[in-house]
Amino acid sequence: MNGADTAWIIVATALVLFMTLPGLALFYGGLVRARNVLSVFMHCYAIACLMSVLWLIAGYSIAFGGGTSGFWGGFDRVFLNGVTADSLSGTLPEVLFFAFQMTFAIITPALIVGAYVERIGFGFVLLFSSLWMLLCYAPVVHWVWGGGFLADGGIFGDTGVRDFAGGIVVHETAGLAALIIAVFLGPRRNQTTPPHNPGFVMIGAAMLWVGWFGFNGGSQLAADGGAAMALTVTHISAATASLSWGLWERIKYGKTSLVGVVTGTIAGLASITPASGFVGPVEALIIGAVAGILCQEAVNLIRNGLKIDDTLDVFAVHGVGGIFGTIMIAVFGAGSFAAQLGSLAIVGVFTVVVTVVLVFVVKAITPLRVDEETEVNGLDLAVHGERAYDMSS
């Protein structure tokens, strides 16, 4: 065990949890109508609790168990079977590696929340998120990070896919799942009300930015120069994408909005995530500059071109950003195009199929969408019996 590595990953684990609670909750909560803010908080909080328990029960074993098939890790690590305080994963206590990866298993289904806010059934959220994490997310983790068939020595030969912190594993899977659920749900009955609290949005985005240092820097799994570089390029990409998003808004619409600039931050963070262990500051500058414009145009295409109500632009920002960053690894010569594009395609098809099947299964058990009266009046009071703001807002 290395003490410095252990100390850093303890901090990184706390930072990644901080991304969901309260970062993502505030970011998403500020973007909805006032009468739905508590339901967004509830979705993020409940998912964090539920995924933690499920990761202990079986998720960690499916992702990082000792299975040799290349497709899943098996059940040898259920309930952390055989893991003690002295067990090691590389230079880290294995229980710490478990906890660090648990925070990724929390935020990935939580990202999907942004696609279905203001109109989805709470029971559907809990059951779908549970099954999706175990049957979609955890297997993909094994394929890419757990020594599975997309990793080195797999179907792409000695040099497998390069995904440092989750462009494929986190952002592509969550983005595609979000888009599919948005299609099944259909549009909200009220799409004209602006975000009720842009201040919440900025605060949440700032928390995500800080937490992302643990997300990307921690993925080095060591306290060394690689972690420092990952942290640095993460910051550069986020800052540059914020500026390019704001500039593009100014050119197109004549004004630069706060919500736009901080959404650009998230686009830059998502885009650098897969590449953060393989590029330097100049490459990060390029990735961020392109991401701010690319993801903004993706928002316009999905909203106005395809008419899909992915409410908080999960696919356009996270999905497109993660896919873009994954491809840029090959562009900058740090991975092969065959491995990067092939893995994106394989994981994309798998995610779509599993998500579609799960939507049909889960909605047969619990309603997918709330009734019209509940949606109009807001989910806070109707579903959770609470409200934070005057219902006239």
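Position 260 of the sequence shown, counting from 1, maps to 485 under this note's numbering, and the rest follow consecutively. The beta carbon of each residue, even a glycine, is placed where N, CA and C say it ideally should be.
For residue i, I'd like the list of residues in its chain whose CB is within less than 6 angstroms of its CB, leaving aside the five on either flank, ordered along the chain.
i           : result
residue 521 : 470, 473
residue 293 : none
residue 347 : 608
residue 564 : 381, 385, 386
To the nearest whole angstrom, what separates the beta carbons of residue i and residue j, a pair I think is in contact under 8 angstroms?
i           : j           : result
residue 298 : residue 374 : About 12 angstroms separates the two Cβ atoms, so there is no contact after all.
residue 619 : residue 363 : Because the chain here runs from 226 to 618, residue 619 falls outside it and cannot be looked at.
residue 593 : residue 410 : 7 angstroms
Need the endpoints of the alpha helix (DSSP H) that residue i sits in, please.
i           : result
residue 358 : Run containing residue 358: none; DSSP gives neither H nor E here.
residue 434 : 423-437
residue 396 : Here residue 396 belongs to no alpha helix (DSSP H), and DSSP marks it neither H nor E.
residue 481 : No alpha helix (DSSP H) contains residue 481, which DSSP labels as neither H nor E.
residue 444 : Per DSSP, residue 444 belongs to no alpha helix (DSSP H) and is neither H nor E.
residue 503 : Taken as a continuous stretch (DSSP letters only), residue 503 belongs to no alpha helix (DSSP H), as it is neither H nor E.
residue 565 : 562-588
residue 418 : Note, residue 418: premise wrong, no alpha helix (DSSP H); not H, not E.
residue 533 : That residue, residue 533, is in no alpha helix (DSSP H); it is neither H nor E in DSSP.
residue 277 : 262-279
residue 221 : Summary: the structure shown does not reach residue 221, with the chain confined to residues 226 through 618, and so no result is reported for it.
On the DSSP bridge assignment, give the partners of residue i in chain order.
i           : result
residue 314 : 317
residue 379 : 382
residue 594 : 345
Taking the beta carbon of residue i as the centre, do at least 16 other beta carbons fall within 10 Å, making it buried, or is it exposed?
i           : result
residue 318 : buried
residue 238 : buried
residue 478 : exposed
residue 525 : exposed
residue 441 : buried
residue 585 : exposed
residue 345 : buried
residue 313 : exposed
residue 366 : buried
residue 491 : buried
residue 523 : buried
residue 229 : exposed
residue 278 : exposed
residue 309 : exposed
Note down, in chain order, each residue of its chain lying with its Cβ closer than 8 angstroms to the Cβ of residue i, except the 5 sequence neighbours on either side.
i           : result
residue 261 : 342, 343, 603, 604, 605
residue 273 : 242, 245, 246, 331, 335
residue 401 : 540, 544, 573, 576, 577, 580
residue 360 : 579, 583
residue 397 : 544, 547, 548, 551, 569, 572, 573, 576
residue 405 : 577, 580, 581, 584
residue 617 : Note that residue 617 scores a pLDDT of 49, beneath 50, so its modelled location is shaky; the value from the coordinates is reported in the next line. There are no such residues.
residue 595 : 344, 345, 346, 604, 607, 608
Within its chain, find whatever has a CB closer than 7 angstroms to the CB of residue i; leave out the 5 residues flanking it on each side and keep chain order.
i           : result
residue 530 : none
residue 423 : 255, 483, 484
Using a Cβ-Cβ cut-off of 7 angstroms, state whether residue i counts as contacting chain C.
i           : result
residue 348 : The structure shown has no chain C; it contains just one protein chain.
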